[in-house]
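Position 31 of the sequence shown, counting from 1, maps to 207 under this note's numbering, and the rest follow consecutively.
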Amino acid sequence: MDAMLISFLVFFIFFTGVGLASSFFRKNNIEDYFLASRSIPAWLVALSYGATISSGATFIGFAGLAYNSGLTAVYAVVGLTIGDHLGWIIAGNKIRRKAIETKAHTYPSLVGKLAGRDFQIVTVITAMLTVVFLGTYCSAQLVAGAKIGEALFDWDYNIFVFVGAFVLLAYCWAGGIRASIWTDAVQAIIIILSLMVLVWVAMEQIGGFGELYRQLKAIDPALVNPAQTKFISVFIGWLAFGVGVLGQPQLMVRHMVARSDEDLLTARRIYLSWRWSVLALATLVGFIARVMIPEIEGGFDPELSIPALWEDLLPPVFVGFMVAGLFSATMSTADSLLLSASSALTQHVFPQLR
């Protein structure tokens, strides 16, 4: 068994252990399982929100976008992050206060009570939509993580899908949302550290930002001189995508678990700092990959820029650590999706079928 695989397995087992350990703090009631008794501190709320929103698309998608589009990707980063900020301002404390006022334990039940009355039909419809779309999204995250594992370890990706699904079910069942939040926090730290290490090593080899810019321009001047006409369409599109978090139950429930309004304000600041950093680093990795892996011939997938650079630049032990971080990005989203979908199914859909 090589060093990369051993390193990956060690960190993967560690993440699973963190989730299972949360079961020792679990209380046997619905509010604790779905909302952790509304006792989560600001830094955990922030990191959990960040890891949940940073799906495989964020972690590898922005690198692929930067690889293909150059500085145009910066428009997307700015638009998405501002949209994220607006989402927190619009929702944030309002969702937390309303959830406490209405004693809502899930996002569908909160939506059904927003008008001041308990509209069961609205709750059930919201729950059914949650099950369908988040269930599909959850499976997509498992596939994204498995795709990366298959590319680096040359295993059948079905193995990664089934192992990932089993682990998610195990610690979500054991600890509920607390397990999800704890593992999210660890994964958020791994995500940003893995990107920082990769960028640092790659920039040392390239020779700095000036040399990176020069080589990008030599490959294609359009990479460093994006058309101004693209700004509005790209910026507005990603801005809308950022605000779209308001329709994602797995994210909105993070507002509901905070201890206080003050904690949510602190969480917003921590989260936005983390989010800006991760998106900027992932985009920078795309630029670096375009310089260091310039040929798309031979079937190279730009979205695999990050793992491709890992293999080229880092020792196997570190690659295993980085793969664990990348796999974590998909798992941290998938566990939150699973909890949101399962809560909607068990609390609002099944009761209507009895």
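Don't be surprised by glycine CBs; every beta carbon is placed ideally from N, CA and C.
CB of residue i within 9 Å of CB of residue j, strictly
i           : j           : result
residue 507 : residue 343 : yes
residue 259 : residue 416 : yes
residue 223 : residue 429 : no
residue 340 : residue 364 : no
residue 192 : residue 346 : yes
residue 305 : residue 371 : no
residue 281 : residue 519 : yes
residue 374 : residue 463 : no
residue 378 : residue 498 : no
residue 268 : residue 440 : yes
residue 311 : residue 299 : no
residue 452 : residue 253 : yes
residue 184 : residue 503 : yes
residue 459 : residue 241 : yes
residue 179 : residue 496 : yes
residue 214 : residue 435 : yes
residue 271 : residue 286 : yes
residue 448 : residue 257 : yes
residue 307 : residue 521 : yes
residue 470 : residue 395 : yes
residue 465 : residue 482 : yes
9 Å Cβ cutoff, residue i in contact with chain B
i           : result
residue 225 : No chain B is part of this structure, which consists of one protein chain only.
Whole-number beta carbon distance between residue j and residue i, since they are thought to touch under 8 Å
i           : j           : result
residue 138 : residue 419 : This structure does not reach residue 138, given that the chain is present from 177 up to 530, and the question cannot be answered.
residue 227 : residue 443 : Incorrect: roughly 13 Å between the Cβ atoms, too far for contact.
residue 251 : residue 406 : 7 Å
residue 367 : residue 255 : Actually they do not touch by this definition, with Cβ atoms about 21 Å apart.
residue 187 : residue 500 : 4 Å
residue 266 : residue 515 : At roughly 23 Å, the Cβ-Cβ gap does not stay under 8 Å, so residue 266 and residue 515 are not in contact.
residue 275 : residue 432 : 4 Å
residue 550 : residue 248 : In the structure as shown, the chain begins at 177 and stops at 530. Residue 550 is therefore absent and cannot be evaluated.
residue 181 : residue 338 : Not really, about 17 Å apart at Cβ, beyond 8 Å.
Reference residue i, options the options, closest by Cα
i           : options            : result
residue 509 : 522, 438, 425      : 425
residue 216 : 519, 386, 437      : 437
residue 245 : 469, 399, 283      : 399
residue 201 : 350, 515, 414      : 350
residue 356 : 324, 289, 272, 225 : 225
residue 301 : 316, 284, 278      : 284
residue 194 : 423, 358, 494      : 358
residue 336 : 317, 348, 276, 352 : 317
residue 315 : 327, 334, 454, 330 : 334
residue 313 : 326, 182, 279, 230 : 230
residue 385 : 461, 303, 327, 204 : 461
residue 455 : 182, 494, 414      : 414
residue 196 : 325, 348, 369      : 348
residue 369 : 190, 494, 331, 198 : 494
residue 600 : 390, 303, 381      : There is no way to answer for residue 600, as the model of the chain reaches only from 177 to 530.
- request: List in chain order: all unbroken alpha helix (DSSP H) runs of 4+ residues lying wholly within the region 426–458.
  value: none
task: At 4 residues or longer, and completely inside the region 355–427: list those alpha helix (DSSP H) runs for me, N to C.
output: 385–395, 405–419
field: the region 198–212 contacting the region 481–490, beta-carbon criterion three pairs below 8 Å
entry: no
- request: Only counting runs of 4 or more residues, tell me where the alpha helix (DSSP H) segments fall wholly within the region 223–281, in order along the chain.
  value: 238–245, 248–266, 268–278
field: Secondary structure, alpha helix (DSSP H): runs of 4+ residues fully inside the region 292–340
entry: 296–329
- request: Kindly provide the ranges of any alpha helix (DSSP H) runs that are 4 or more residues long and lie completely inside the region 186–224, ordered along the chain.
  value: 206–211
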